[in-house]
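Colleague: So the sequence shown is numbered by this note's numbering: it starts at 1 and just counts up by one.
Even for Gly, the Cβ is constructed at its ideal location relative to N, Cα and C.
Since the model is a prediction, treat every value here as computed from it, not as a measurement.
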Amino acid sequence: MEPIQATIRIERGRIQSVEPMLGGVRIISEAGIDFYPDCWALPGFVDSHAHIFGLGSRLQGLSLYDAKSADECIGKAIMHPTTRGGWVVGMGWNQQLWKIKEYPTVQLLDLVFPDVPVYLSRADGHAAWVNSTALKIAKISASTRNPTGGLIQKDSNGNPTGILIDNAMDLVRKHIPLYTEQEHIEMLTSAAEHCISHGITEVHDMDVAHHLLPIFSRLAERAELPIRVQSYVKAQGNEWMKEGLLPAVGEFFRVCGLKYFADGALGSRGAALLEPYSDAPETKGLFLLTEKELYRKAKVGIEYQWDISTHAIGDAANRMVLNVYERLRKEGIADPNTILRIEHAQIVHPDDLYKFAEYQVTAAVQPIHCISDAPMARVRLGKRCEYSYPWRTLRNSGIAISAGTDFPIESADPLLGIDAYVRRVPFGEKKSWFEKECITRQEALFSYTLWAHEASGMSYRRGIIQPKYDADIVIHNKNLVTCPINEITSALVVATYTAGTLRYKNVTE
Ligand SMILES: [Zn+2]
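(1) Can you tell me which of the three DSSP states glycine 249 falls into?
(2) Tell me, to the nearest whole angstrom, how far the beta carbon of isoleucine 176 is from that of leucine 164; I am working on the premise that it is less than 8 Å.
(3) Kindly list the residues whose CB is nearer than 8 Å to the CB of arginine 329, restricted to its own chain and excluding five residues on each side of it in sequence; keep chain order.
(4) When DSSP labels each residue in this structure, what does glutamate 326 get in the three-state scheme?
(5) Please work out which residues of its chain come closer than 7 Å, Cβ to Cβ, to alanine 420, disregarding the five sequence neighbours upstream and downstream, and give them in chain order.
(6) Is methionine 79 buried or exposed, if buried means 16 or more other CB atoms sit within 10 Å of its CB?
(7) Name the DSSP beta bridge partners of threonine 310, please?
(8) Taking the alpha-carbon of phenylalanine 253 as reference, which of Gln305, His204, Pro147 has the nearest alpha-carbon?
(9) Check for me: the alpha helix (DSSP H) holding glutamate 186 runs from which residue to which?
(10) Under a three-way DSSP split, which group does tyrosine 295 fall into?
(11) Check tyrosine 359 in the structure and name its three-state DSSP category.
(12) Ligand 1 and methionine 79: does any heavy atom of the ligand fall closer than 7 Å to the residue's C-beta?
(13) Hey, is methionine 206 close to ligand 1, as in C-beta under 7 Å from one of its heavy atoms?
(14) List the whole-angstrom C-beta distance separating arginine 461 from tyrosine 469, where the pair is believed to meet the contact cut-off of C-beta under 8 Å.
(15) I'd like to know whether the C-beta atoms of glycine 404 and serine 278 end up nearer to each other than 8 Å.
(16) Which ranges would you report for the beta strand (DSSP E) in the segment 119-161 if only whole runs of at least 3 residues count?
(17) Ignore the nearest five residues each way along the sequence and tell me which others in alanine 363's own chain have a CB closer than 8 Å to its CB.
(18) For the pair the segment 331-339 and the segment 372-380, tell me if three or more CB-CB distances fall below 8 Å.
(19) DSSP has tryptophan 40 in a bridge; who is on the other side?
(20) How far does the beta strand (DSSP E) with threonine 440 in it reach, from first residue to last?
(21) Just the Cα atoms here: how many angstroms apart are leucine 273 and glutamate 202?
(22) Take every Cβ of the segment 239-257, pair it with every Cβ of the segment 483-491, and state whether three or more of those distances are shorter than 8 Å.
(23) Between the segment 25-41 and the segment 432-449, are three or more C-beta pairs nearer than 8 Å?
(24) Using a Cβ-Cβ cutoff of less than 7 Å, which residues in the same chain neighbour glutamate 19 once the five nearest sequence positions on both sides are dropped?
(25) Could you check what DSSP says for arginine 58 in three-state terms: helix, strand or coil?
(26) What is the DSSP secondary structure of glutamine 236, reduced to helix, strand or coil?
(27) Is it true that the segment 419-433 meets the segment 477-484, where meeting means three or more beta-carbon pairs spaced less than 8 Å apart?
(28) Assuming asparagine 511 contacts proline 117 (C-beta within less than 8 Å), just tell me the rounded distance between them.
(29) Are there 16 or more other CB atoms within 10 angstroms of the CB of valine 249, so buried, or fewer, so exposed?
(30) On the premise that aspartate 124 lies in contact with glycine 32, defined as a C-beta separation below 8 Å, what is that separation, rounded to the nearest angstrom?
(31) If you reduce the DSSP assignment to three classes, tell me which class glycine 24 lands in.
(32) The alpha helix (DSSP H) spanning tyrosine 421 covers which residue range?
Written out as C-alpha cells, the structure is:
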C-alpha cells in the first residue's frame, strides 16, 4: 500500500476513476472540486478493535487516563460536575503509571465520598476501584465469594479492598443507572467526530450492548454518522439470543459479529498463561470461558450467520481459542465465508502460530498496546516477551493482520499505531523492543485499511482507491511511506471523506 497523488472522481459515494497526477490530490464529486496541493491520499483508516461509547465517555465524562496518582484521580472525581444517576463513574486509571504502583484503596475513596457510590474502572477495563457505598449497594462484604472468572480483592483481614477484577466488576456495575438517550447520542457524535479528524472512516466496535444498537441505526438512517460502524455485540452471556438479535446490514452501520472473552488482561494478571506469571508464581491468570463453552456458543452463533470474535491475550487463551476455531473449520461448521477473529493475539506460543493461516483465523492486533505495555509485559512475562506482539511472525506465517487501537484505552490516532508497527519503540524509551517483529510501512498501511476490511468481510469494496470501491479516503500532508520515519506521527490529516462526502477538513492547513 502506497499513498497516491491523483485526480479521484466520485459519484454516489463510489470511486468512478483514478488518474495519477503530480503535485497533489484532486477530488471531483457532485459537491464540486477540492484540490489539496502537495498532499497524498490513502483509503480511509479502519480501527478494527475499539469502543466507540468508551471514547465518547472519555471525551465527555470523568477521564482518569492522565492521572499520576490515586489522589489525582480523586481530585478529578471531585471536580467533575456530572454524576450518572447519583453515581460517580469514571474510567482510565492505571497504577502502573503512578509513582506508587499499587492498587488504590477503598479507604481513599471513602474519605472523600462517604455517601455517594463511586465506580472507577481501570484503563484496560479489567478492574474497577469502588468505595464502600458501592460495595454496600452490591451487597459485597467480607463473606462474599468470588464469582467465576472474577476476583473480589481482600486485605489480610478478609475485607474487600475496593478492587474488583474482571467478572467481579459486574456485581457493582449492574447497579449503575444507564445513560439517557440524549447522553448516548452526544457521546456517539463526539467519538465519531474524533475518529474522522484522525482519518478513521470505519470502526469495528467491540462488545456493544444491545440497547445501544438503535442509537447507531437511528443516526445512520438520518445520515448523521460520519464514520461507518461494524458492531460486534456482547455475547459472553448469550445476550444476543435473549434479545432475539440477528446480523443486520447497512451502508454505515452493520451488526455483524459476536464478541467473546477467553481471558482477561495482562496488567491485572487476568490473561490466561500456559506457565505462571513471572512476577506472581502463584497464578496463571483466568479463563473467562472454557473451551467447550466457547465451542458451543460459537457454533450456535455461526448457524445464525454471525462472525465470531474472541478476546485472547495470554498464550493459554490463544491456544484454547485456536483449538476451538480449528474444530469449527474441520467440522465444516465455519465455512470459508465465516470470519473467525482473535482480538489482541498478544502472546502466542510458537507451536500454535501455524494455526492462524491453517484455519483462516484473523488476528486483530493493537500495535500501540505493545509500546505502552512493554515495561509491564517484561515483568509479567519474562522470557515470553520473545513471542509477544508477534506481528512479523504472524505476517510471515501468511496472514493479514488487522490493526486497531482499543480506544479509549489508547489514543485513537492511527499514526501512533503505524509508528508502533514500524519502529516498536516503547513510550519513554529510545530503543526498539524486539525489532525483529516490526513490519514495513506498506504493511502497516495495509493493516489499517484493506486487511482491516478483510477482518469484517468488506474488502471486496473497501480499502483500495480504485473504481467501484467506496470513496472512503484520507488525505495527509505527507507521504507516510517515503517521509522520514520519525515524522510519521506528525503528519497532518488534511481531509477525510466517507462515501465521497467531505466529513473533516483541517482548517489550519
Ligand atoms: Zn477492547
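Modeller: Reading from the atomic positions:
(1) Locating residue 249 in the sequence shown gives position 249, counting from the first residue. Before going on, a small fix: residue 249 reads as valine here, not glycine. Valine 249 falls in the coil class under three-state DSSP.
(2) Position 176 of the sequence shown holds residue 176. Position 164 of the sequence shown holds residue 164. About 13 Å; that fails the 8 Å criterion.
(3) In the sequence shown, counting from the first residue as 1, residue 329 sits at position 329. Cβ neighbours of arginine 329 beyond the five flanking positions: Leu340, Tyr359, Gln360.
(4) The residue you call residue 326 lines up with position 326 of the sequence shown. Three-state result, glutamate 326: helix.
(5) Here residue 420 corresponds to residue number 420 of the sequence shown, with the count starting at 1. Once the five neighbours on either side are set aside, the close Cβ partners of alanine 420 are Pro367, Ile368, Cys370, Ile371.
(6) In the sequence shown, the residue the question calls residue 79 occupies position 79. When all chains shown are included, methionine 79 counts as exposed.
(7) If you number the sequence shown from 1, residue 310 lands on position 310. Threonine 310 pairs with Tyr260, Ile342.
(8) Indexing the sequence shown from 1 puts residue 253 at position 253. Per the Cα distances, His204.
(9) Numbered from 1 along the sequence shown, position 186 holds the residue referred to as residue 186. Glutamate 186 -> alpha helix (DSSP H) spans 181-197.
(10) Position 295 of the sequence shown, counted from the first residue, corresponds to residue 295. Correct three-state label for tyrosine 295: helix.
(11) Residue numbering aside, residue 359 sits at position 359 when the sequence shown is read from its first letter. Judged by DSSP in its simplified three-state form, tyrosine 359 adopts coil rather than helix or strand.
(12) Residue numbering aside, residue 79 sits at position 79 when the sequence shown is read from its first letter. Residue side-chain check: methionine 79 keeps its Cβ at 7 Å or more from all non-hydrogen atoms of ligand 1.
(13) Your numbering for residue 206 matches position 206 in the sequence shown. Indeed, a heavy atom of ligand 1 lies less than 7 Å from the Cβ.
(14) Residue numbering aside, residue 461 sits at position 461 when the sequence shown is read from its first letter. Residue numbering aside, residue 469 sits at position 469 when the sequence shown is read from its first letter. With 8 Å as the limit, arginine 461 and tyrosine 469 qualify as a contact, their Cβ atoms being about 6 Å apart.
(15) Along the sequence shown, one-based indexing puts residue 404 at 404. Along the sequence shown, one-based indexing puts residue 278 at 278. Going by C-beta atoms, glycine 404 is not nearer than 8 Å to serine 278.
(16) For the segment 119-161, whole beta strand (DSSP E) runs of length 3 or above, ordered along the chain, are 127-130, 150-154.
(17) On the sequence shown, residue 363 is found 363 positions in, with the first residue counted as 1. Spatial neighbours of alanine 363 in its own chain (CB-CB distance under 8 Å, excluding positions within 5 residues in sequence) are listed in chain order as Arg341, Ile342, Ala345, Phe356, Leu394, Ile399, Ile401, Ser402.
(18) No, they do not touch.
(19) As a first step, residue 40 must be located in the sequence shown, where it is residue number 40. Beta-bridge partners assigned by DSSP to tryptophan 40: His476.
(20) Taking the sequence shown and counting its residues from 1, one reaches residue 440 at position 440. Run containing threonine 440: none; DSSP gives neither H nor E here.
(21) What you label residue 273 is simply residue 273 of the sequence shown in a count that begins at 1. What you label residue 202 is simply residue 202 of the sequence shown in a count that begins at 1. Using only the alpha carbons, I get a separation of about 33 Å.
(22) Between the segment 239-257 and the segment 483-491 there are fewer than three C-beta pairs closer than 8 Å, too few to call the two in contact.
(23) No, the segment 25-41 is not in contact with the segment 432-449.
(24) Within the sequence shown, numbered from 1, the residue matching residue 19 stands at position 19. If we look at glutamate 19 and ignore the five residues flanking it on each side, its Cβ neighbours are Ala6, Thr7.
(25) Indexing the sequence shown from 1 puts residue 58 at position 58. In the structure shown, arginine 58 sits in a helix (DSSP, three-state: H, G or I).
(26) Within the sequence shown, the letter at position 236 stands for residue 236. Judged by DSSP in its simplified three-state form, glutamine 236 adopts coil rather than helix or strand.
(27) Not touching, per the Cβ criterion.
(28) In this structure the chain extends from 1 to 509, so residue 511 is not present and cannot be described.
(29) As a first step, residue 249 must be located in the sequence shown, where it is residue number 249. So valine 249 ends up on the exposed side.
(30) Residue numbering aside, residue 32 sits at position 32 when the sequence shown is read from its first letter. Residue numbering aside, residue 124 sits at position 124 when the sequence shown is read from its first letter. That pair is no contact at about 45 Å.
(31) By 1-based counting over the sequence shown, the position of residue 24 is 24. Reduced to three states, the DSSP call for glycine 24 is strand.
(32) Taking the sequence shown and counting its residues from 1, one reaches residue 421 at position 421. Element bounds for tyrosine 421: 414-423.
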